[in-house]
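At position 3 of the sequence shown the residue is numbered 7 (the numbering used here), and the sequence of numbers has no breaks.
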Amino acid sequence: MNSTDEWLDSRRKEGPGDGVEIGKYATWAVSTAKHGNGVHQLRDGNEGTFWQSDGTQPHLIDVQWNKTMKVTCIGLCLEYSIDESYTPKKIILRAGNTYHDLQDISTHDLTEPEGWIWLPTTHGGHCTYASLVQIAIQENHQNGRDTHIRQVKVMGPPLGLDSFSTLELSQHATLR
């Protein structure tokens, strides 16, 4: 098992640690949705609700900020035991500044996921910098057509004095 796999396994169990949820600062859009199961259900904080796509794959979730953000991982709440063929099996994460420069940053094959699944967006120990992140559901379990995703969180690095590299810089981090 390589270091990326170990990191991913630890995130799947314990969550994003001390990162900051930056999805709340974004504008969210989905490619399609069944009536009553749209973007709001992805972000309502209730794991009993879900977004349900309505159409052909790939199903897309777009997260867009008005400035470039540091993105460390994306959390998806999935419940195979309840959703079965609606559960994503293959997910591609893309990042860029506009729709025209999106690049694949990682591909994830999931096997009957339960609960929060944390997908890293870091590479070589560095955050992904992007104004637009796209979550593309390429394939579902049991060859399902539509998908259910219960919640999504987009995480950035922790904020605070520890983000400064020197004592001199950290002394100027607060206003009096």
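Backbone N, C-alpha and C define an ideal beta-carbon position, used for all residues, glycine too.
What's the C-alpha gap between residue i and residue j?
i           : j           : result
residue 158 : residue 77  : 6 Å
residue 147 : residue 92  : 10 Å
residue 47  : residue 24  : 15 Å
residue 98  : residue 156 : 15 Å
residue 72  : residue 28  : 14 Å
residue 162 : residue 22  : 6 Å
residue 38  : residue 55  : 8 Å
For a test of the three-state rule: what should DSSP assign to residue i, helix, strand or coil?
i           : result
residue 146 : helix
residue 106 : coil
residue 163 : coil
residue 135 : strand
residue 37  : coil
residue 87  : helix
residue 27  : helix
residue 61  : coil
Using only CA atoms, which one of the options lies nearest to residue i?
i           : options              : result
residue 139 : 29, 59 and 33        : 33
residue 86  : 119, 101 and 124     : 119
residue 90  : 117, 124, 108 and 44 : 117
residue 154 : 31, 115 and 43       : 43
residue 122 : 60, 62, 82 and 41    : 82
In the DSSP assignment, what are the bridge partners of residue i?
i          : result
residue 81 : 120 and 155
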